[in-house]
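Quick mapping for you: the protein sequence lines, in order, are chains R and Z.
Mapping of the first sequence onto the numbering used here: position 39 corresponds to residue 200, and the numbering continues sequentially without gaps.
Mapping of the second sequence onto the numbering used here: position 89 corresponds to residue 96, and the numbering continues sequentially without gaps.
Structure record follows, encoded as structure tokens.
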Amino acid sequence: ETGVTQSPTHLIKTRGQQVTLRCSSQSGHNTVSWYQQALGQGPQFIFQYYREEENGRGNFPPRFSGLQFPNYSSELNVNALELDDSALYLCASSLLAGASQETQYFGPGTRLLVL
Amino acid sequence: TQLLEQSPQFLSIQEGENLTVYCNSSSVFSSLQWYRQEPGEGPVLLVTVVTGGEVKKLKRLTFQFGDARKDSSLHITAAQPGDTGLYLCAGTTSGTYKYIFGTGTRLKVLA
């Protein structure tokens with residue numbers, strides 16, 4: 162039990178639709194990172210938020226966007242869904258941003274299927 | 008582009024056997040982490056190594072960071088069915104926000 166929760170657990174959407182995934186971080190954790198994990202692969206970094214500002218981004222297009230709120234919750238929004246967006250989406254919270262020994266606490270993920 | 012390759016990709020062994028999982032890169036990392044992920048859950052951190060040549064032990068698991076900080080290994084002694092899962096390595100560079108995850112090794116330990 163990491164104290165990080167995500168909702169919903171599963172979601173089915175059709176191509177072209179928009180989706181919002183939610184994450185509730187551990188209390189006191191100012192940093193949240195989002196990852197996409199395709200079936201059989203390791204997680205791929207999407208972006209990180211620190212104190213409600215985007216702190217860095219991986220190789221994902223602008224239709225992937227996020228928000229972080231003062232109450233340690235955050236959202237991942239994906240517009241114009243494509244079939245390849247089908248994956249497990251993980252959020253991870255940590256206390257500090259950019260600290261190489263920092264422990265990330267992962268949520269259980271949201272499994273998104275795009276038809 | 009930083010990449011982390013893990014080998015083997017899949018491993019199925021009998022309870023009591025030993026195994027080693029490798030994580031290799033052409034890039035230098037300031038730290039490397041190992042995670043285990045079980046179905047329906049997010050990855051759980053097992054260990055962080057930061058010094059070249061560092062060895063850390065966690066019960067039956069031994070982790071080593073390569074001298075040049077480009078590779079790492081995870082050795083499990085006397086594997087048990089509870090060790091079954093996806094093992095992931097992840098590297099990061101000092102001062103950056105980004106963890107690069109490896110391709111994963113799926114381990115199954117048969118009773």
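Just so it is clear, CB atoms sit at the ideal spot from N, CA and C, and this is done for glycine as well.
Quick caveat, the model's predicted, so the values are computed rather than measured.
Span of the beta strand (DSSP E) around GLN21 (chain Z): From DSSP, the beta strand (DSSP E) with GLN21 (chain Z) extends over 17–21.
9 Å Cβ cut-off: residues of chain Z touching PRO269 (chain R): Taking a Cβ-Cβ threshold of 9 Å, the residues of chain Z close to PRO269 (chain R) are GLY47, GLU48, GLY49, in chain order.
ILE83 (chain Z) vs ASN25 (chain Z) beta-carbon contact at 8 Å: Taking C-beta atoms as the reference points, ILE83 (chain Z) and ASN25 (chain Z) count as a pair closer than 8 Å.
Below-8 Å beta-carbon distance, PHE108 (chain Z) vs any chain R residue: Judged by the 8 Å Cβ criterion, PHE108 (chain Z) is in contact with chain R.
Minimum C-alpha distance to GLN178 (chain R) - residue among R:PRO269, R:SER247, R:VAL165, R:SER255: It is R:SER247.
Beta-carbon gap between ALA75 (chain Z) and GLY23 (chain Z) smaller than 8 Å: Not in contact: ALA75 (chain Z) and GLY23 (chain Z) (Cβ atoms no closer than 8 Å).
Enclosing beta strand (DSSP E) for GLU236 (chain R) [first to last residue]: Run containing GLU236 (chain R): 234–239, per the beta strand (DSSP E) assignment.
Residues of its chain near THR55 (chain Z), where Cβ-Cβ distance is below 7 Å and the 5 sequence neighbours each way are ignored: Residues of the same chain with a CB within less than 7 Å of the CB of THR55 (chain Z), apart from the 5 flanking positions on each side, are SER38, GLN40 in chain order.
Residue burial classification, GLN209 (chain R) (beta-carbon count within 10 angstroms, cutoff 16): The residue is buried, with at least 16 neighbouring Cβ atoms inside 10 Å.
Neighbour flag for LYS77 (chain Z) against chain R, beta carbons, 8 Å: Chain R, which has no Cβ nearer than 8 Å to the Cβ of LYS77 (chain Z), makes this no.
Beta-carbon spacing of THR112 (chain Z), GLN13 (chain Z) below 8 Å: A contact, by the Cβ cut-off of 8 Å.
Closest by C-alpha distance to PHE108 (chain Z), when choosing among R:HIS190, R:ALA199, R:GLN187: Of R:HIS190, R:ALA199, R:GLN187, the smallest CA-CA separation from PHE108 (chain Z) is found for R:ALA199.
Segment limits, beta strand (DSSP E) that includes LYS63 (chain Z): It spans 62–65 - the beta strand (DSSP E) in which LYS63 (chain Z) sits, taken as one unbroken run.
Buried/exposed call for ILE173 (chain R), threshold 16 Cβ in 10 Å: With fewer than 16 Cβ atoms within 10 Å of its Cβ, ILE173 (chain R) is classed as exposed.
Under 9 Å by beta carbon: chain Z residues contacting PHE221 (chain R): Under the 9 Å cutoff, chain Z gives no residues; its nearest Cβ is about 12 Å from PHE221 (chain R).
Own chain, CB closer than 8 Å to ILE20 (chain Z), minus 5 neighbours either side, in chain order: Only residues of its own chain outside the window of five on either side were considered, and among them LEU26, ALA86, LEU114, LYS115, VAL116, LEU117 have a CB closer than 8 Å to the CB of ILE20 (chain Z), listed in chain order.
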